[in-house]
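Number of protein chains: 2
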Amino acid sequence: MNYFSSNFKLGILGGGQLGKMLLNDTRKFDIYTCVLDSSNEAPCKIASNEFHLGDLMNYDAVYNFGKQVDILTIEIENVNVDALEALEKEGIKVYPASKTLRTIQNKATQKSFYVANNLPTAPFSRFTYTSEINEAINQGDLTLPFVWKSAQFGYDGTGVKIVKTLEDLEGLPNVECIAETLVPFKNELAVIVVRNASGDTKTFPVVEMEFHPEANQVEYVICPARIPDDVAKKATEVALKTSEAFNHVGLLAVEMFQTQNDDVLINEVAPRPHNSGHQSIEASYTSQFEQHLRAILDLPLGRTDSKVGGVMVNLVGAEGYTGNVVYENIETIMEMDGVTPHIYGKQQTRPFRKMGHVTIVNENLNEARRIAEEVKKSIKVISE
Amino acid sequence: MNYFSSNFKLGILGGGQLGKMLLNDTRKFDIYTCVLDSSNEAPCKIASNEFHLGDLMNYDAVYNFGKQVDILTIEIENVNVDALEALEKEGIKVYPASKTLRTIQNKATQKSFYVANNLPTAPFSRFTYTSEINEAINQGDLTLPFVWKSAQFGYDGTGVKIVKTLEDLEGLPNVECIAETLVPFKNELAVIVVRNASGDTKTFPVVEMEFHPEANQVEYVICPARIPDDVAKKATEVALKTSEAFNHVGLLAVEMFQTQNDDVLINEVAPRPHNSGHQSIEASYTSQFEQHLRAILDLPLGRTDSKVGGVMVNLVGAEGYTGNVVYENIETIMEMDGVTPHIYGKQQTRPFRKMGHVTIVNENLNEARRIAEEVKKSIKVISE
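Sequence lines, in order, name chains V and Y.
So the first sequence is numbered by our numbering: it starts at 59 and just counts up by one.
So the second sequence is numbered by our numbering: it starts at 59 and just counts up by one.
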């Protein structure tokens, strides 16, 4: 199939910032793109060839959209998987596969998948309803503290709570969930694996993620992670095994904990371009977005190593501000060495909403990390 | 002015590949863009916020378009300059300035500008009509060989001819022209200068341009140029002085000859993103396109040095093929180390038409140059 012609159509479910950055690279390859999103304000509205309005969780919307394209991919996991399964049966190539998405969409099923495939992850218990947790504690089957996670629709820290006392359980939604052992860890790491339809596989360098303590969102991503080689090797092997277990095509971002004993435990995965790979646009030989395209189009994969050290800072809405967004001091950060802001194009800010990110690249990773702190201190996403 | 809001509008005259790559970076900054082009098939049709159809040489089309934007820039020099002058008088910021474009659009005026500003360029004679050249030769005012150049609308080698004998003059259009001394040169070099509205100035590294002998089009651009430091310094100084002489805002690409004596002579300039800077997307800390935006929006300029060595190969239509384009062996080149194709999205190919370019980046410039030759040998732009 000739991807470099207008006879070929690539479908993307979701029109947010990940889709927007993916579209940038489709333009470079002149690939014809169709995007489905429920918002007329979606960042992907502009750079796609066709923008379709529709609910990603609606069977008909996804099915009818998917019927018009040759290859279908996602930029968000919360899509109607039944429709994807029907499309696969009719010969549409769907990457990631519906089966993978079904496993990942439910955190309990995702965790069970790791166990079944002999992949390291923190011990956990499954519950059909949060209300069952009290009884498990009373019976001695579960001990405090633990991490409560909603099985469905967790995204960026919502649906996750550290439970230290029984009171912490109050107010949690009464839904399917897991209680995961609270593992003290040194670092949160991530590895992005890319695998094309022919099965060629490459991994990006291990990155280190520093989280915002309150919002449970990634604050800095540091590439490569400043960890011992043997830990990096272990993390890379776990990520590769995870990609193989899913028989995955496209990008798979594997988030992991580095424990106090330097073991590596899978936290969760994302079968798409991921926040932990944004610095690849400036720092890597091939960006994660270009790699995702190469993989799903079954083209040769590009180099995954880095040209220079890279640090990514998320730009999230400041607390106390809601409304038309203003990027305060953006000119100040643009004066700094090797700084590139990426503004996602969302009109409205609200506390902790992802509004953009900033990449800092430098020959010297520690210098990049230092500048990243200056960036973080200077820029503020506020409202008019 | 807040560029990062939809109240601000950036206008771009021309919707070709340079505009397309510029738009990529406007998306990164979420800058609202309006593009004017005469073709409904223009590569910029997709990624702009507003696409306007209109003739770039038509006063009303350019004026009416320009009235709707805050800052107006170009991706091609052949635009109606009277309209730009009128817009400037009404307070629209026009970069490059109408005065600069008027000087550059006419090669005779451009050459005279260099002389008037004490900038080095090859000796030349001006003629109102080509027919006057014979008499000048007869009178001993001009000696063979020389380079004939049409004063108007030269682009990519059209309107240029090396005249060795009187017969070579036959068939040339009878237009305003210059006859330039044929200077034997070692290398063709280029330096891109970027200057923002506040007057901050930076230069990209000197690049080496290797030309296709027949088509008079750049075949390879090598960054940095493999020349002695003192020649690089001289070329950079000449480029900076040229930018200052124009009081230029935005990118100014200065093409130069390195003579046998290691003198540097200006060949011509382009007041916009330029073919000699495409490798900056992958090789430089800041791409030429991002720098152009930073400059015309009066933002701080980014780093202009390189992360890695870069070589650019132009993808032009192969001789003997006209019609719907096919990129033969594109998968072969994508297997090579550090290779990124950029497909401009033109449906129709014809001999020597610029259809795309390929960037090869590598820590080792000579290795990048070697791979560039493999790329050149492998890929072929043909028709269906």
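Cβ coordinates follow ideal geometry from the N, Cα and C atoms, glycine included.
Contact belief for T84 of chain V with L94 of chain V at Cβ below 8 Å, rounded distance in angstroms: Position 26 of the first sequence, counting from 1, holds the residue named residue 84 of chain V. Position 36 of the first sequence, counting from 1, holds the residue named residue 94 of chain V. In fact, because the Cβ distance is near 15 Å, the residues do not count as touching under 8 Å.
Under a CB-based cut-off of 9 Å, is G360 of chain V close to chain Y? Residue numbering aside, residue 360 of chain V sits at position 302 when the first sequence is read from its first letter. Using a Cβ-Cβ cut-off of 9 Å, G360 of chain V counts as an interface residue toward chain Y, since at least one Cβ of chain Y sits closer than that to its own.
Determine, for Y402 of chain Y, whether the minimum Cβ-Cβ distance to residues of chain V falls below 9 Å. As a first step, residue 402 of chain Y is located in the second sequence; it is residue number 344 there, counting from the start. Closer than 9 Å: yes.
Measure the beta-carbon distance from A237 of chain Y to M314 of chain Y and round it to whole angstroms, keeping in mind my assumption that it falls under 8 Å. Locating residue 237 of chain Y in the second sequence gives position 179, counting from the first residue. Locating residue 314 of chain Y in the second sequence gives position 256, counting from the first residue. Wrong, their Cβ atoms sit about 20 Å apart, outside the cutoff.
Hey, N192 of chain Y and L240 of chain Y are a contact pair by Cβ (cut 8 Å); roughly how many whole angstroms apart? Here residue 192 of chain Y refers to the residue found at position 134 when the second sequence is read from its first residue. Here residue 240 of chain Y refers to the residue found at position 182 when the second sequence is read from its first residue. A Cβ-Cβ separation of about 18 Å leaves N192 of chain Y out of contact with L240 of chain Y under the 8 Å criterion.
Using 9 Å as the limit for Cβ to Cβ distance, is E190 of chain Y near chain V? As a working mapping, residue 190 of chain Y is identified with position 132 in the second sequence. Chain V, which has no Cβ nearer than 9 Å to the Cβ of E190 of chain Y, makes this no.
Chain Y contact for P399 of chain V (CB, 9 Å cutoff): Translated into the one-based positions of the first sequence, residue 399 of chain V becomes position 341. Closer than 9 Å to some Cβ of chain Y, the Cβ of P399 of chain V qualifies, so yes.
Over what stretch of residues does the alpha helix (DSSP H) that includes E348 of chain V continue unbroken? Walking along the first sequence from the start, residue 348 of chain V turns up at place 290. It spans 346–354 - the alpha helix (DSSP H) in which E348 of chain V sits, taken as one unbroken run.
Where does the unbroken beta strand (DSSP E) through S184 of chain Y begin, and where does it stop? For the purposes of this step, residue 184 of chain Y is taken as the residue at position 126 of the second sequence. The sequence shown places Arg at residue 184 of chain Y, not Ser. Counting along the chain, the beta strand (DSSP E) containing R184 of chain Y begins and ends at 182–185.
Under 9 Å, CB to CB, which of the residues in the segment 104–118 of chain V have a partner in chain Y? Against chain Y - using a Cβ distance shorter than 9 Å - the residues of the segment 104–118 of chain V are I104, A105, S106, N107.
Using only alpha-carbon positions, find the residue among Y:I388, Y:D363, Y:K365 that is nearest to L373 of chain Y. Residue numbering aside, residue 373 of chain Y sits at position 315 when the second sequence is read from its first letter. The residue with the shortest Cα to Cα distance from L373 of chain Y is Y:I388.
Let me confirm a value: A426 of chain V is counted as buried when at least 16 other C-beta atoms fall within 10 Å, else exposed. Which label applies? Stepping through the first sequence from its first residue, residue 426 of chain V is reached at position 368. By the neighbour-count definition (other C-beta atoms within 10 Å, threshold 16), A426 of chain V is a buried residue.
Compute the beta-carbon to beta-carbon distance between L508 of chain V and V173 of chain V, rounded to the nearest angstrom, for a pair I have assumed lies under 8 Å. Any question about residue 508 of chain V goes unanswered here, given that chain V covers just 59 to 442.
Consider the Cβ of F87 of chain V: report whether some Cβ of chain Y lies at a distance smaller than 9 Å. Against the first sequence, residue 87 of chain V aligns to sequence position 29. Interface criterion met: the Cβ of F87 of chain V is under 9 Å from a Cβ in chain Y.
According to DSSP, simplified to helix, strand and coil, what is S329 of chain V? Walking along the first sequence from the start, residue 329 of chain V turns up at place 271. Going by the sequence as given, residue 329 of chain V is Pro instead of Ser. Three-state result, P329 of chain V: coil.
Thinking just about the alpha-carbon of each residue, which of Y:F204, Y:L202, Y:F185 is nearest to the one in Q210 of chain Y? Start at 1 with the first residue of the second sequence, and residue 210 of chain Y comes out as number 152. Ranking the options by Cα distance to Q210 of chain Y, first place goes to Y:F185.
Provide the residue span of the alpha helix (DSSP H) that contains Q405 of chain V, from first to last. The residue you call residue 405 of chain V lines up with position 347 of the first sequence. In the DSSP assignment, Q405 of chain V falls outside any alpha helix (DSSP H) and carries neither an H nor an E.
Straight-line CA distance for E26 of chain Y to Y153 of chain Y? The shown model of chain Y, from 59 to 442, leaves out residue 26 of chain Y, and the question about it has no answer.
Which residues mark the beginning and the end of the beta strand (DSSP E) in which K169 of chain Y is found? Walking along the second sequence from the start, residue 169 of chain Y turns up at place 111. Run containing K169 of chain Y: none in the beta strand (DSSP E); it sits in the alpha helix (DSSP H), 165–174.
Can you check which of these residues, Y:T223, Y:E393, Y:G335, is closest to I250 of chain Y by C-alpha distance? Locating residue 250 of chain Y in the second sequence gives position 192, where the first residue counts as 1. The shortest C-alpha separation from I250 of chain Y is found at Y:G335.
Tell me whether S256 of chain Y is buried or exposed, calling it buried when 16 or more other Cβ atoms sit within 10 Å of its Cβ. What you label residue 256 of chain Y is simply residue 198 of the second sequence in a count that begins at 1. Within 10 angstroms of the beta-carbon of S256 of chain Y lie fewer than 16 other beta-carbons, which makes it exposed.
Less than 6 Å between C-beta atoms, sequence neighbours within five positions excluded: which residues of the same chain meet that for V454 of chain Y? Absent from the model: residue 454 of chain Y. The displayed extent of chain Y is 59 to 442, so no value can be given.
Based on Cα-Cα distance, which residue from Y:S106, Y:S436, Y:S342, Y:N424 lies nearest to V397 of chain V? Numbered from 1 along the first sequence, position 339 holds the residue referred to as residue 397 of chain V. When only C-alpha atoms are compared, the closest one is Y:S342.
With C-beta atoms as the reference, is L355 of chain Y less than 9 Å away from T344 of chain Y? Numbered from 1 along the second sequence, position 297 holds the residue referred to as residue 355 of chain Y. Numbered from 1 along the second sequence, position 286 holds the residue referred to as residue 344 of chain Y. No, Cβ-Cβ distance for L355 of chain Y and T344 of chain Y is not below 9 Å.
Kindly list, in the order they appear in chain V, the residues whose Cβ is closer than 9 Å to that of V307 of chain Y. Stepping through the second sequence from its first residue, residue 307 of chain Y is reached at position 249. Using a Cβ-Cβ cut-off of 9 Å, V307 of chain Y is close to nothing in chain V; its nearest Cβ partner there is about 17 Å away.
Is any beta-carbon of chain V found at less than 9 Å from that of V366 of chain Y? Residue 366 of chain Y sits at position 308 when you count from the first residue of the second sequence. Chain V, which has a Cβ nearer than 9 Å to the Cβ of V366 of chain Y, makes this yes.
What residues in its chain sit with their C-beta under 7 Å from that of N107 of chain V, if we drop five residues either side in the sequence? As a working note, residue 107 of chain V is residue 49 in the first sequence. Cβ within range, chain order: Y90, T91, C92.
Drop a sphere of 10 angstroms on the beta-carbon of P203 of chain Y, count the other beta-carbons inside from all chains shown, and report buried for 16 or more, exposed for fewer. Against the second sequence, residue 203 of chain Y aligns to sequence position 145. Its Cβ having fewer than 16 others within 10 Å, P203 of chain Y is exposed.
Say whether chain Y places a C-beta atom closer than 9 Å to the C-beta of D395 of chain V. Within the first sequence, the letter at position 337 stands for residue 395 of chain V. Yes, D395 of chain V counts as interfacial toward chain Y.
Would Y343 of chain V count as contacting chain Y if we go by Cβ distances under 9 Å? The residue you call residue 343 of chain V lines up with position 285 of the first sequence. With 9 Å as the cut-off, Y343 of chain V counts as an interface residue toward chain Y.
Measuring only the C-alpha atoms, how far is D395 of chain Y from V371 of chain Y? Here residue 395 of chain Y refers to the residue found at position 337 of the second sequence. Here residue 371 of chain Y refers to the residue found at position 313 of the second sequence. If I take the Cα positions, the gap works out to 14 Å.
Taking a cut of 9 Å between CB atoms, which residues from the segment 68–85 of chain Y lie near chain V? Of all residues in the segment 68–85 of chain Y, K78, M79, L81, N82, R85 have a Cβ within less than 9 Å of some Cβ in chain V.
Of all Cβ atoms in chain V, is any one closer than 9 Å to the Cβ of E389 of chain Y? Mapped onto the second sequence, residue 389 of chain Y falls at position 331. At a cut-off of 9 Å between beta-carbon atoms, E389 of chain Y makes contact with chain V.
How would you write the range of the beta strand (DSSP E) that D95 of chain V sits in, first residue to last? For the purposes of this step, residue 95 of chain V is taken as residue 37 along the first sequence, with counting starting at 1. Per DSSP, D95 of chain V belongs to the beta strand (DSSP E) from 91–95.
Any C-beta of chain V sitting closer than 9 Å to the C-beta of M267 of chain Y? Sequence index remark: in the second sequence, residue 267 of chain Y carries index 209 (1-based). No, its Cβ sits nowhere closer than 9 Å to a Cβ of chain V.
Do L145 of chain Y and V120 of chain Y have their C-beta atoms within less than 9 Å of each other? The count along the second sequence starts at 1 and reaches residue 145 of chain Y at position 87. The count along the second sequence starts at 1 and reaches residue 120 of chain Y at position 62. Their beta carbons are under 9 Å apart, which means L145 of chain Y touches V120 of chain Y by this criterion.
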